[in-house]
Structures are given as C-alpha cells and as structure tokens.
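Inspection log for the structure reproduced underneath, given as structure tokens.
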Amino acid sequence: ATLVSPIDGAALSLFVAPGDWVSGSTSIAYVADVSELHITARVSEQDVVLLEPEQSARVSFATAPLTMYAGELVSVASRAQTLDGMAMFEVVARLEDVDVEVLPGMTANLWVDVGEQDDVLVVPATAVQRDNAGRTTLMVRDGESGWVEREVLLGMSDGLMVEVVHGLDEGAVVRIPLQSPGMEQGQG
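My numbering puts the first residue of the sequence shown at 691, with every later residue one more than the last.
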C-alpha cells in the first residue's frame, strides 16, 4: 500500500519499517513543513519588556554557528513560566529562507535587536563590577597609583560589550577580573 501525507513536508522520523503491520491508529511517520520553521526561546523578565511581535530577529544553529538566518518575532508571551526559580517568557520567531540542513529540534541561538547606538564608548561586560554599596564600577589604571575603582553609568549592552555613558574617558585602560566561575572577589 502507498501512504500519502496530508501535508507537504519532509518525513523527519519513521516509526515503522517496511513489512510491519499497522492499524488505523498507528503513528507511521513524523512529517513537518520545513519551509517555515519557528524557533521557541525563553527570555528573562528584564528582556521581555523590550520585545514585541514583528521585530526582526536573527538565528544561528549549533550545526552552523557562522550562518545567520533572518526572521521575525511572531509572539511574545504575556505570562511568565518559572524555570529554576526565574521568571522566563516564551518568545516565538519565524525564520525566512531556511536551508534544508536546518531541521526541527536543533539547538539555536536567537538575537533580537532592541536598539542601536553609534559612536559610543564600550567596555567588555566582564569588566563591570558592583561594589558592596550596589554602585556600578570599573577598575581603571591610574598612572601613578596603579588601579582605582571608578563609578560609572552604563547604557546599552549586547551581553558581551556594554556602553559607558558617564564616568570613563576614551582611551582609559580597564581591568577585567580573572576568577573561577562561582568564586567571589577576594577569594582564592
């Protein structure tokens, strides 16, 4: 007998082999329309307020980390789900012009541009510290006395680099602390 899928797409999984007996309720294959893929991601409560449907997005996959696929957000959850004690919101993005090498279930990274700044002073996010009083600081080289702690005002960040709006001059040398994950400053 010949089986025909009710939708156009690719058979991603077969649950039976040729010659197997099946009934009307037997699942035979998983068929998906790979011409339009959706990415489901979770974002923090700090980030979700910056997102809305129809924002452009970019996606990369673990199997091809240097290839970026264009897309757009189609939904942003209005209610959080608790994951490991953190409030996380589900975001869905639709991808455009997807290669056949991208299949449902692959690990992906999702980027959504929420703003843009030109000609700003930036430092590595790992250089930013918080002191005991909760102030945001950087360790800056002072030619005569070594390193000094300087309070700064931060702006936009992409997670790797952060804008310094006030408290640091262009050309200043900042220190990036080296420490083991989970280790508090001053230990070790």
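Ideal placement from N, C-alpha and C gives every residue a C-beta, glycine not left out.
- By the CB criterion at 8 Å, V724 and L793 fall inside the cutoff.
- The shortest CA-to-CA distance from Y720 to any of V788, L740, L858, S695 is the one to S695.
- According to DSSP, F779 shares a beta bridge with V733.
- DSSP places A754 in the strand class (E or B) of the three-state scheme.
- Using a C-beta cut-off of 8 Å, the segment 764-782 makes no contact with the segment 807-815, since fewer than three inter-stretch Cβ pairs fall below that distance.
- When secondary structure is reduced to three states using DSSP, V694 falls in the coil class, being assigned neither helix nor strand.
- The C-beta of V738 has 16 or more other C-beta atoms within 10 Å across all chains shown, which makes the residue buried.
- Short of 6 Å from the beta carbon of H728, and not among the five residues preceding or following it, lie these beta carbons of its own chain, in chain order: V782, R784.
- Three or more beta-carbon pairs separated by less than 8 Å are not found between the segment 816-824 and the segment 742-749, which leaves the two stretches without contact.
- Sorting D821, T797, G833 by C-alpha distance to the C-alpha of V863 places G833 at the top.
- Rounded to the nearest whole angstrom, the C-alpha separation of V733 and Q807 is 22 Å.
- The continuous beta strand (DSSP E) containing L773 extends over residues 771-773.
- In the structure shown, the three-state DSSP call for A817 is helix.
- Annotation for G857: no beta strand (DSSP E) segment contains it, and DSSP assigns it neither H nor E.
- With a beta-carbon spacing of about 5 Å, A722 and G699 fall inside the 8 Å limit used to define contacts.
- A Cβ-Cβ contact shorter than 8 Å links E744 with E762.
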